[in-house]
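This report concerns only the one structure given below.
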Amino acid sequence: MKRYIFIIILFALQFRSLAQNEYWENIDGLYGGLLLSIDKNEDEIYCAGNGGVFKSNDFGENWTNLGLYEESVNKIKIVSEHLFAISNTGCYKYIAEDSSWLNVNEGRWQSMDAKGSVIFVGSDYYGIFRSLNLGETWTEVNNGIDNKDIEEILIISDSIVLASASGTSGSGIFRSTNLGDSWERTNPDKYAWNFEGITEYNNILYAFDFSNYAKVYKSIDSGKTWILPLYSTSPSDIIQSIYSDSTGIYVCVYHHGIFKSTNEGSSWTSLNAGLNNINVLSLSSNDSRLFAATFDGFYRSPKKNVQWVKKSKGIGNYGITSLSEIGGNLLIGTYGSGLFISEGNIFENLYLGTDLMFIKDVLVSNDLLYALASSWPSMDYVTFLVSTDVGITWTQIDNGFDTYGLEQIAINNNYIYVSSVYGIFRKSIQGNLWEKLTNGIPYNINASDIACSDSVIIVSNGSAEIYISNNNGDSWQTKAIQGLFSASKLLSGSSGEFYLGSNQVSVLFRSTDYGETWESLNNPHFNSSVESIFKFNNEVFVGLSYDGISIGKDEGNDWITSNYGLISKKITSFTHTGNIIYCGSDRNGIFKRSIDLTQPIPDTTIYHQTTITFKWTSSPGISQYRFQIAEDSSLTNLIYESSDLYDTSITLHSLDYNKIYYWRISSITKYWNDNFSEVQKVEIGSPLNYKLYQNYPNPFNNETTIAFEMPYKSFAELELYDILGRTVKTLLKEESGPGLHEYILNNEELASGVYIVRFRAIGYTKSIKLVLLK
């Protein structure tokens with residue numbers, strides 16, 4: 012036990028757990044991302060997906076994130092004025108009083124419906140659970156269910172519930188007439204395995220099956236039996252969701268957008284005008300508007316003359332798959348929303364081709380853009396594209412390889428390389444034909460990543476060894492790396508330099524001799540996989556699958572964990588423009604690093620005045636500061652403190668001569684207000700000259716203060732005269748030391764009127780006028 016404690020203490024000493032001089036700010040302007048569900052409550056609209064739950068009070072014009080940032084929310088539901096959300100970790104209830112979420116039922120939930128205070132949730136493994144009291148308690152209700160992969164749940168009435176099951180245990184529909192206490196199987200149709208969506212229109216149920224070419228079934232007996240309506244047609248391809256209101260039945264079809272039918276599916280009308288992304292996953296409506304959740308965010312349209320407009324301001328849940336930089340602009344690959352290029356806070360969608368919305372990788376080399384893009388969420392079938400005009404037009408170059416499972420792009424001076432789950436491919440930079448590399452490397456190697464430095468190519472494949480080629484890929488050899496668990500991400504730095512990360516345990520390795528030898532860097536270890544690696548100047552950035560960002564300062568010799576501001580802790584990519592570092596997350600968009608540069612501007616000279624201005628440097632993105640000053644170096648007894656500072660200086664008056672002060676400054680952000688600088692020492696010496704100050708207050712009634720300064724110890728005299736020049740009183744006549752001195756004059760024995768005070772010292776004489784008002 013003692014040895015274990017020692018190891019923990021040593022670990023804490025080696026690694027700073029957080030970086031309090033930097034934070035990550037979610038960049039503004041990239042609005043949208045994958046949404047899976049919509050629900051509404053009067054004038055309130057809710058939507059959810061990867062990256063949390065969002066609320067709008069103005070029909071989608073503006074959105075507020077309600078939390079669950081790191082969840083993939085499968086469905087949301089308003090239940091008796093309460094908001095519920097389900098994900099792969101639980102069923103959550105929103106607690107409005109403190110803007111938090113309570114996990115009321117842990118589990119992998121993929122379906123939900125509710126009515127009154129009754130809630131049903133379905134999982135992919137545990138079947139159905141029911142709550143009769145708004146999620147306070149739950150009961151497993153699987154009596155009669157022999158397949159617990161529940162795809163959809165629909166409460167038809169106060170007692171009848173339908174549950175659709177899928178999978179190897181037998182697809183079909185389960186029906187309950189006693190609110191879930193027991194179930195019976197009612198197989199839909201010999202051509203329909205299960206229903207992945209069910210809706211009710213004019214008291215008739217309509218549903219779709221994934222495998223039946225997007226035809227819609229109906230039931231007129233509350234789901235007991237199902238038929239294909241007469242003359243039923245397919246709107247297009249694979250249906251993803253179904254919805255109905257008083258105007259008709261709507262289906263969202265993968266690759267083809269939204270269709271509507273008013274005649275039980277005999278004919279369909281396309282409603283896609285204005286949609287930038289036709290991968291629509293959920294629909295809702297009110298009396299006058301339609302609402303759509305897509306891979307690209309939230310869209311709204313009037314019901315009459317449908318014309319969709321994206322309304323996603325405040326929704327920032329893009330899944331970022333890759334980042335790069337070209338001409339000072341960001342190049343942003345997303346999961347499901349395509350490729351973007353930014354100029355400042357303006358983000359433009361680059362058209363790669365029909366449905367190529369899932370970006371696997373992006374690379375910029377010599378002002379050419381290379382991309383791997385897919386039209387499928389699984390990103391199994393991928394297209395290689397190149398653009399010579401900064402993304403305006405793209406050319407597909409797929410000759411010579413199977414586009415299944417393409418993973419990453421790498422490039423050197425001679426060739427472009429692509430790794431895939433079925434091997435390594437190469438083509439010359441100017442050529443259009445790919446060749447598969449097999450000399451010394453397995454023909455169908457599952458290559459997760461690839462990197463180049465000069466003519467050296469390195470490939471990782473998830474094992475404890477790597478493959479290296481010293482001749483542009485003509486031949487290969489294997490190399491085992493001691494301490495490597497499972498090779499994941501690769502990065503080539505300067506010439507001959509490579510970085511290699513591991514899966515599951517976030518170990519990082521470095522080679523500076525073209526992969527011949529490797530050292531394990533002393534980075535913090537988490538139960539995370541290395542998702543991305545980036546090097547900028549002398550810093551190494553490591554993006555992890557669960558634990559955010561580790562930064563290796565000084566070429567990776569000094570490590571910190573840098574997670575301030577990160578909403579999502581899965582970091583997929585990095586890039587930079589100028590000195591600004593950007594990281595991409597898998598659910599919450601892009602973040603940029605802000606570094607706290609707040610430091611005192613010291614003045615080592617001795618001050619000879621009691622009014623001093625203290626100054627410090629500014630920090631981009633930081634506008635508020637905290638100042639402290641004391642007479643002791645530990646600043647335990649403050650004589651002044653202020654947190655209400657919005658400039659980079661503060662002026663203090665009436666400090667004391669011949670005294671030493673100590674001060675420090677901290678920036679104020681929403682993450683800290685105590686990131687103090689090193690303590691600064693300020694010494695105030697004696698005045699440089701004699702000086703008599705005007706009394707205060709003046710005019711005076713009861714008493715007034717007369718102040719004068721002495722540069723060194725000497726004889727001083729204060730005399731009081733009336734307006735005619737007659738001596739009234741000698742106020743002071745003695746030897747005084749250096750510094751500021753004050754004399755209090757009261758009105759005893761003095762009549763109202765004007766008086767003169769004369770100050771005399773060695774070689775110095777000055778007078779001031781006083782006014783006494785009784």
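When the sequence shown is numbered by this note's numbering, its final residue is 785 and no position is left out of the sequence of numbers. Positions of the beta carbon are idealized from the N, C-alpha and C atoms, including for glycine.
Exercise for the section: Throw me the rounded Cβ distance for the residue 428 and residue 484 pair, which I believe falls under 8 Å. Expected result: 7 Å
Problem - residue 444 classed as buried or exposed, judged by whether at least 16 other C-beta atoms fall within 10 angstroms - result: exposed
Exercise for the section: On a CA-only basis, which of 52, 354 and 662 is nearest residue 401? Give me that one, please. Expected result: For the residues 52, 354 and 662, the minimum Cα distance to residue 401 belongs to 354.
Handout entry: Through-space distance from residue 44 to residue 78, alpha-carbon basis
Key = 15 Å
Handout entry: Straight-line Cα distance separating residue 51 from residue 301
Key = 11 Å
Handout entry: Sheet register partners of residue 123 (DSSP bridge)
Key = As DSSP reads the structure, residue 123 sits in a beta bridge with 132.
Handout entry: Same chain only: Cβ atoms within 8 Å of residue 286, ignoring 5 sequence neighbours per side
Key = Once the five neighbours on either side are set aside, the close Cβ partners of residue 286 are 268, 269, 303, 305, 310 and 319.
Problem - Helix, strand or coil at residue 108 according to DSSP, with G and I counted as helix - result: helix
Exercise for the section: Ignoring anything shorter than 3 residues or poking outside the segment 262-322, list the beta strand (DSSP E) runs there in chain order. Expected result: 268-272, 291-296, 300-305 and 308-313
Exercise for the section: Please determine, among 388, 583, 375 and 389, the residue with the shortest C-alpha to C-alpha distance to residue 396. Expected result: 375
Practice task
Using DSSP bridges, identify the partner residues of residue 674.
Solution key: 640 and 691.
Problem - Local conformation of residue 36 per DSSP, three classes - result: Strand.
Exercise for the section: Tell me, please, which residues DSSP counts as bridged to residue 204. Expected result: Per DSSP, none; premise fails for residue 204.
Exercise for the section: Excluding the 5 residues preceding and the 5 following residue 349 in the sequence, name in chain order all residues of the same chain whose CB lies nearer than 6 Å to its CB. Expected result: 360 and 368
Handout entry: Which of helix, strand or coil DSSP assigns to residue 43
Key = For residue 43, the three-state secondary structure derived from DSSP is strand.
Problem - 7 Å CB neighbourhood of residue 246 in its chain, flanking five on each side removed - result: 225, 262, 264, 270 and 279
Problem - Cβ neighbour criterion (16 or more within 10 Å) applied to residue 534 - result: buried
Handout entry: Assigned secondary structure, residue 5 (DSSP; H/G/I helix, E/B strand, else coil)
Key = The question about residue 5 has no answer here: the residues shown for the chain are numbered 12 through 785.
Handout entry: Buried or exposed (CB count within 10 angstroms, at least 16 for buried), residue 493
Key = exposed
Practice task
Determine the closest residue to residue 370 out of 332, 378 and 337, with distance taken between C-alpha atoms.
Solution key: For the residues 332, 378 and 337, the minimum Cα distance to residue 370 belongs to 332.
Handout entry: As assigned by DSSP and simplified to three states, the class of residue 717
Key = If DSSP states are grouped into helix, strand and coil, residue 717 belongs with the strands.
Handout entry: Residue span of the beta strand (DSSP E) that contains residue 732, given as start and end
Key = That run of the beta strand (DSSP E) goes 725-733.
Problem - Inside the segment 134-168 only - beta strand (DSSP E) runs reaching at least 3 residues - result: 139-142 and 161-166
Problem - Residues near residue 13 in its chain [Cβ-Cβ closer than 6 Å; skip 5 each side] - result: Here the model assigns residue 13 a pLDDT of 34, short of 50, so the residue's position is not dependable and the matter cannot be decided.
Practice task
Take residue 177 and list the residues in its own chain whose beta-carbon comes closer than 6 Å to its own, dropping the five residues that flank it on each side.
Solution key: 160, 162 and 205
Problem - Reduced DSSP secondary structure (H/G/I, E/B, other) of residue 785 - result: Reduced to three states, the DSSP call for residue 785 is coil.
Problem - Status (buried if at least 16 other CB within 10 Å, exposed otherwise) for residue 521 - result: buried
Handout entry: Contacts around residue 407, its chain only, beta-carbon distance under 8 Å, and the 5 residues preceding and following it disregarded
Key = 364, 394, 395 and 396.
Exercise for the section: Within the segment 67-116, note down every full beta strand (DSSP E) run reaching 3 residues or more, in order along the chain. Expected result: Runs found: 75-78, 86-90, 93-97 and 101-106.
Practice task
State the DSSP-derived secondary structure class of residue 23, mapped to helix, strand or coil.
Solution key: Caution is warranted here: a pLDDT of 35 is assigned to residue 23, below 50, making its placement in the model unreliable, and no coordinate value can be reported.
Exercise for the section: Spatial neighbours of residue 199 within its chain, please: CB distance less than 8 Å, with the 5 preceding and 5 following residues excluded, ordered by chain position. Expected result: 183, 184, 205, 206, 218, 220, 228 and 237
Exercise for the section: Could you tell me which uninterrupted alpha helix (DSSP H) segments, each at least 4 residues in length, are contained entirely in the segment 234-258, listed from first to last along the chain? Expected result: none
Exercise for the section: Would you check if the distance between the CB atom of residue 490 and the CB atom of residue 526 is smaller than 9 Å? Expected result: With respect to the 9 Å criterion, residue 490 and residue 526 are classified as neighbours on the basis of their beta carbons.
Handout entry: Cβ shell of residue 719 (< 6 Å), same chain only, five flanking positions each side left out
Key = Contacts found: 703, 752 and 770.
Handout entry: Helix, strand or coil at residue 655 [DSSP, three-state]
Key = Strand.
Practice task
Helix, strand or coil for residue 394, going by three-state DSSP, please let me know.
Solution key: strand
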